[in-house]
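Asks: Have a look at this one.
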Amino acid sequence: MGMPRKGSRRIEVNGDTYLWRVRGDDYSKRWVSGLSPVMLTLTCQRDEERPGRVMQVTLRSLNPNVGDPDLDPIHQATLHPEEVRQIITHALSKGWGPSERGGAFHLKAQERQPEPAQYEIVTRS
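With this note's numbering as the guide, the letters of the sequence shown map in order to residues 4 to 128.
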C-alpha cells in the first residue's frame, strides 16, 4: 500500500521523484514525562502510477537543544530536503528497491551514518 499524496513533499534523487513525509513525537507528552531526545519517522516512496515499497526510518535528533521546553517545539526538530535526499540515497545503497512490491523497507541502525550527522538512525522495536 502506498503512502497518501496529500501532505507529502516531493524530492528528486538521481533523476527519480520521491514522495516523503515526516512524523514526530508528541511534544507535550515528551516534555511532561521528561523524555528526550526527539524521534522522527521518515516515510518515502517513489512517485509512480503504481508505487512500490515504502521506506521507513526512525531518526533521533543529535541537536543538544532539542528537548528544551523553553524553545519552540515546532522549530526544534526539522528534517531538511538535503537530509532526506541523503537518507534516500543511503537506503538505496542498503537494498531498498522502491519499484519492488512488498512490505515497508525499514532502514536499520548501521555503523556508519550518512553525513551530515544532525540525526542518527535508530532501530525501533
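Where a beta carbon is used, it is the ideal one built from N, C-alpha and C, also for glycine. Everything numeric in this text was worked out from a predicted model, so none of it was measured.
Please state the DSSP three-state secondary structure of arginine 13.
Replies: For the purposes of this step, residue 13 is identified with residue 10 of the sequence shown, where counting begins at 1. It is a strand residue.
Asks: For glycine 27, write down the residues that DSSP places opposite it in a beta bridge.
Replies: Your numbering for residue 27 matches position 24 in the sequence shown. Answer is Leu43, bridged to glycine 27.
Asks: Does threonine 61 come out as helix, strand or coil in the three-state DSSP assignment?
Replies: Sequence index remark: in the sequence shown, residue 61 carries index 58 (1-based). Three-state result, threonine 61: strand.
Asks: Based on the DSSP output, what are the partners of threonine 81 in its beta bridges?
Replies: Locating residue 81 in the sequence shown gives position 78, counting from the first residue. Per DSSP, none; premise fails for threonine 81.
Asks: Of the residues His109, His83 and Gln89, which one's Cα is nearest the Cα of glycine 98?
Replies: Taking the sequence shown and counting its residues from 1, the one referred to as residue 98 is at position 95. Out of His109, His83 and Gln89, His109 has the C-alpha closest to the C-alpha of glycine 98.
Asks: Which one of Lys9, Tyr21 and Glu51 has the shortest CA to CA distance from glutamine 59?
Replies: Numbered from its first residue, the sequence shown carries residue 59 at position 56. The candidate whose alpha carbon is nearest that of glutamine 59 is Tyr21.
Asks: Taking DSSP's pairing of strands, which residues face valine 125 in a bridge?
Replies: Start at 1 with the first residue of the sequence shown, and residue 125 comes out as number 122. Valine 125 pairs with Thr61.
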